[in-house]
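Shown next as structure tokens:
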């Protein structure tokens, strides 16, 4: 839901559509377009939204949980 350009949690209110054959969501504030497939911003290749694997199973949306990552080892002083 976080918009990296405005730093606001508004992507969930964005407008979905098709842009040059790609399914996108447009930020409601500054109108950048993000591909739903991988979160890539079409106007700035250095910016990407976080995405999750999802599917519809028996009429319910299932989102794959991410595995927890281990905390980095402390650096000796």
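Residue numbers (the working numbering): 211 to 287. Ideal Cβ positions, reconstructed from N, Cα and C, are used throughout, including at glycine.
Quick check on residue i: buried or exposed, where buried means 16 or more other Cβ atoms within 10 Å of its Cβ?
i	result
residue 213	buried
residue 271	exposed
residue 237	buried
Between the Cα of residue i and the Cα atoms of the options, which residue gives the shortest distance?
i	options	result
residue 224	230, 265, 211	211
residue 232	269, 276, 254, 244	244
residue 276	262, 253, 247	262
residue 240	219, 264, 247, 248	219
Rounded to the nearest angstrom, what separates residue i and residue j at their Cα positions?
i	j	result
residue 230	residue 242	14 Å
residue 266	residue 215	30 Å
residue 259	residue 274	16 Å
residue 227	residue 235	6 Å
residue 217	residue 254	16 Å
Tell me the DSSP bridge mates of residue i?
i	result
residue 228	233
residue 264	273
residue 244	235, 251
residue 219	212
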